[in-house]
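Each step along the sequence shown adds one to the number in the numbering used here, with nothing skipped, and position 53 is 44. Input: a single structure, listed below in structure tokens.
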Amino acid sequence: MIVPSSFYYQPHPRDDRAERERIRAIAETRVRYGCERIHTLMRREGWIINHKKTYRIYCEEGLNLRRKRPRRRVAPMHRESRPSASRINETWSMDFVADELFNGRRIRALTVVDNFSREALAIPVAQRLTGADVVETVDRIAERRGPPSRIQVDNGSEFISKALDKWAYENKVELDFSRPGKPTDNAFIESFNGSFRDECLNVNWFLSLDDARQKIEDWRYDYNAERPHQSLGGMTPNEYRAKHSQAEFLEL
């Protein structure tokens, strides 16, 4: 006797193991990525997946419960409204980030970012960085891009040095200093430094200074070439720069 129900379609469970493993891997290595950014990166990598499926897997894996940093409810105002960067190479931001090697020896990194394209222009690393090192870094960047109109910095001794002041004067660059004790005056570099620490410094052991330099440079390349930014319409900093460089060329 044939049981009629045997002719009924028996749905197969959804096989999303590959997508699930990739989403989990992205979340583990890119700790600041939310569902939207993970989905954007998946599509950029060539995965055929819609947003609903990404969100379902994201929630099933408990990734929506990951601890997030608290956001300020009210952002403090700068002493004067800083103009937003409207083109590439108009405004850079700089700051220092401290970390340590595997043996406990301290290291410092100088982070330099283009405020418009969000590009990480350079991250030199050393056990000690001086005002002369800052000048060498910005001079090297300016050789390939030209100097910016303005550089936003805090009041650290390396940034108020005579060496940087002289370089800025000779290259017609305005040094825009934050108020003492107000890191939020330079929000672009603070946001970048948070990503740098969460995605690179906190997930790597640095066995030596050379090892730190290599891993940090690898991360900088990935940040510029592979990391989509919601603020850039889902583009990477390199793509955003290329798009606007072409637009500026056509306007000439």
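All C-beta atoms, glycine included, are put in the ideal place defined by N, C-alpha and C.
Endpoints, the beta strand (DSSP E) within which residue i is located
i, result
"Asp105", "Arg97 to Asp105"
"Ile142", "Arg141 to Val144"
"Ala89", "Thr82 to Glu91"
Residue i to residue j span [Cα, whole Å]
i, j, result
"Gly37", "Tyr24", "18 Å"
"Ile40", "Gln221", "19 Å"
"Glu230", "Asp213", "13 Å"
"Asn94", "His235", "44 Å"
"Tyr160", "Asn146", "17 Å"
Environment of residue i [buried if 16+ CB atoms lie within 10 Å]
i, result
"Asp6", "exposed"
"Leu192", "buried"
"His42", "exposed"
"Gly247", "In the structure displayed, the chain extends from -8 to 243; residue 247 sits before or after that span and is not available."
"Asp201", "exposed"
"Asp86", "buried"
"Phe150", "buried"
Residue interval of the alpha helix (DSSP H) (run including residue i)
i, result
"Ser186", "Ala178 to Glu190"
"Glu110", "Counting along the chain, Glu110 falls outside any alpha helix (DSSP H), and DSSP gives it neither H nor E."
"Ala9", "Arg8 to Thr20"
"Val129", "Gly122 to Arg136"
"Leu32", "Cys26 to Arg35"
Other residues of its chain near residue i: CB distance less than 7 Å, five sequence neighbours each side excluded
i, result
"Arg232", "Ile79, Ser108 and Glu110"
Same chain, Cβ closer than 8 Å to residue i, five either side skipped, listed in chain order
i, result
"Asn55", "Cys26 and Tyr49"
Cβ neighbours of residue i in the same chain (closer than 6 Å, five flanking residues each side left out)
i, result
"Gln143", "Ser84, Asp167 and Asn177"
"Ser(-3)", "In this prediction, Ser(-3) scores a pLDDT of 48, lower than 50, which makes its location untrustworthy; no coordinate-derived value is stated."
"Asn195", "Lys206"
8 Å Cβ cutoff, residue i in contact with chain D
i, result
"Leu120", "Annotation note: the requested chain D is absent from the structure, which comprises a single protein chain."
heavy atom of the ligand GTP below 7 Å from residue i C-beta
i, result
"Thr227", "Questions concerning the ligand GTP fall outside what the structure shown contains, since it holds no ligand whatsoever."
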